[in-house]
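With the UniProt record's numbering, the residue at position 204 of the sequence shown is 204, and numbering never jumps.
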Amino acid sequence: MKNLISVNNIELKDFEGIYKLFRDYKEKYKNGETKFTDLRGYSILLPFFESSTRTRTSFELAGKILGADTINISGSSSSVKKGETLYDTIKTLEAMNADFIVLRHYMSGAAHIVANKVKSRVINAGDGTHEHPSQALLDAFTILEKKGKIEGLKIVIVGDILHSRVARSDIKLLKMLGAEITICGPQTMLPRHLEVFEVDYVTTDVNEALKGKDVAIFLRIQLERQKKVFFSTLNEYSIRYGLNQERVNLLKEDAVIMHPGPVNRGIEMQSELVYGDRSLILDQVENGLFTRMAIYRYLLQN
């Protein structure tokens, strides 16, 4: 496994290998070992052609903790703004001879194209509406930490499934690990060809979707990707699909709530639930660091 472009790249042995590294790094870090030399002498390019706080910072910090040299390239300051094509960008990145390229791009499939053209190890940090594999890994690790297993869990994903790369990656990985997956959202936000997703249940009724679930993952409404109107108002969406305390009570008593962030408070969920007792949102952020450290190390040793 040289690159991490899609969850399709991840076999069970890869998942287990990355999870072991994740646990080792997290334990050592919690015990005060905050600097490592595993990537000393290696370079990491982070070309991010879409805005990001959590993912970019997490990948950058993970590289620095492991001893690597990291170089940020933002979309707003890159030659893409001046009309450079993806092909030219690829050739530029290739000429820099970086050991790792962590790419976020607005075009679905961009990471795959880059990986086929460069010698560097390529990590997909989100490509259009396609995939976000490192988010799926950190979500799975967070669930494993809290629940002790994934196989047999009933997991619901609520929101803008159509435009969500997180949903696509989460569904693939969690299904591979044996979870039962329900997806829920307005009809206009559900993909047309649902059979491709291989989920267990699909519904537009959020109350039905939440009943008896072990894990509820709420998604951000991605207004920046929507080319047309998918619901009349944000208030209507909040009323029909937002998480409130009444809906929390439909979940299992020990159920947990997740969100890839950033949360649109009062729309996808009420403010008091964002960091409430059942929320794993901050756990997801913290685990993102150790997951990305583990990904770097795993790709390097394999």
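Positions of the beta carbon are idealized from the N, C-alpha and C atoms, including for glycine.
As the structure is a computational prediction, the values presented were derived from the model and not from experiment.
Tell me, to the nearest whole angstrom, how far the beta carbon of residue i is from that of residue j; I am working on the premise that it is less than 8 angstroms.
{"i": "residue 66", "j": "residue 298", "result": "In fact, because the Cβ distance is near 12 angstroms, the residues do not count as touching under 8 angstroms."}
{"i": "residue 45", "j": "residue 60", "result": "11 angstroms between Cβ atoms; not a contact."}
{"i": "residue 287", "j": "residue 197", "result": "No, residue 287 and residue 197 are not in contact; Cβ-Cβ is about 25 angstroms, not under 8 angstroms."}
{"i": "residue 211", "j": "residue 273", "result": "Going by Cβ atoms, the distance from residue 211 to residue 273 rounds to 18 angstroms, so no, they are not a contact pair."}
{"i": "residue 266", "j": "residue 238", "result": "6 angstroms"}
{"i": "residue 9", "j": "residue 121", "result": "Not quite, the Cβ-Cβ distance comes to about 12 angstroms (not below 8 angstroms), so this is no contact."}
{"i": "residue 178", "j": "residue 152", "result": "6 angstroms"}
{"i": "residue 280", "j": "residue 146", "result": "6 angstroms"}
{"i": "residue 206", "j": "residue 241", "result": "5 angstroms"}
Buried or exposed for residue i, going by 16 or more other Cβ atoms inside 10 Å?
{"i": "residue 126", "result": "buried"}
{"i": "residue 268", "result": "buried"}
{"i": "residue 292", "result": "buried"}
{"i": "residue 277", "result": "exposed"}
{"i": "residue 194", "result": "exposed"}
{"i": "residue 88", "result": "exposed"}
{"i": "residue 256", "result": "buried"}
{"i": "residue 110", "result": "buried"}
{"i": "residue 55", "result": "buried"}
{"i": "residue 302", "result": "exposed"}
{"i": "residue 93", "result": "buried"}
{"i": "residue 187", "result": "exposed"}
{"i": "residue 131", "result": "buried"}
{"i": "residue 30", "result": "exposed"}
{"i": "residue 245", "result": "exposed"}
{"i": "residue 192", "result": "exposed"}
{"i": "residue 134", "result": "buried"}
{"i": "residue 26", "result": "buried"}
{"i": "residue 271", "result": "exposed"}
{"i": "residue 232", "result": "exposed"}
{"i": "residue 85", "result": "exposed"}
Keeping to the same chain, check which residues put their C-beta closer than 6 angstroms to that of residue i; ignore five residues upstream and five downstream.
{"i": "residue 183", "result": "157, 161, 199 and 202"}
{"i": "residue 275", "result": "none"}
{"i": "residue 129", "result": "108, 163 and 165"}
{"i": "residue 154", "result": "180, 213 and 214"}
{"i": "residue 172", "result": "7"}
{"i": "residue 159", "result": "185, 218 and 219"}
{"i": "residue 62", "result": "289, 292 and 293"}
{"i": "residue 136", "result": "7, 169, 170 and 173"}
{"i": "residue 139", "result": "170"}
{"i": "residue 112", "result": "5"}
{"i": "residue 330", "result": "Within the shown structure, residues of the chain are numbered from 1 to 302, placing residue 330 beyond reach of any answer."}
With DSSP as the reference, identify every bridge partner of residue i, one or two as the case may be.
{"i": "residue 154", "result": "180"}
{"i": "residue 265", "result": "269"}
{"i": "residue 47", "result": "73"}
{"i": "residue 256", "result": "215"}
{"i": "residue 279", "result": "257"}
{"i": "residue 243", "result": "269"}
{"i": "residue 4", "result": "123"}
Residues in its own chain within less than 7 angstroms of residue i by CB, not counting five upstream and five downstream?
{"i": "residue 22", "result": "141, 290, 291 and 294"}
{"i": "residue 52", "result": "104"}
{"i": "residue 17", "result": "298"}
{"i": "residue 226", "result": "In this predicted model, residue 226 has a pLDDT of only 48, less than 50, meaning its place in the structure is not dependable enough to derive any value."}
{"i": "residue 36", "result": "65, 66 and 67"}
{"i": "residue 38", "result": "66, 67 and 297"}
{"i": "residue 282", "result": "275"}
{"i": "residue 118", "result": "90, 93, 94 and 101"}
Could you name the residues of the same chain whose beta carbon sits closer than 8 angstroms to that of residue i, not counting the 5 residues immediately before and after it, in chain order?
{"i": "residue 98", "result": "43, 44, 45, 71 and 120"}
{"i": "residue 100", "result": "42, 43, 44, 45, 63, 68, 120, 121, 122, 123, 296 and 299"}
{"i": "residue 34", "result": "65"}
{"i": "residue 190", "result": "161, 162, 183, 202 and 204"}
{"i": "residue 221", "result": "159, 160, 234, 237, 264, 267 and 268"}
Should residue i be flagged as near chain D, meaning a C-beta pair shorter than 8 angstroms?
{"i": "residue 195", "result": "Protein chains in the displayed structure number just one, and chain D is not present."}
*Entirely within the stretch 54-131 and at least 3 residues each: give me those beta strand (DSSP E) ranges in chain order.*
Within the stretch 54-131, the complete beta strand (DSSP E) runs of at least 3 residues are 69-74, 100-105 and 121-127.
*Ordered list of beta strand (DSSP E) runs contained in the stretch 187-241, each at least 3 residues*: Inside the stretch 187-241, DSSP marks whole beta strand (DSSP E) runs of 3 or more residues at positions 201-203 and 215-218, from first to last along the chain.
*Secondary structure, alpha helix (DSSP H): runs of 4+ residues fully inside the stretch 8-43*: Within the stretch 8-43, the complete alpha helix (DSSP H) segments at least 4 residues long are 12-30, listed from N- to C-terminus.
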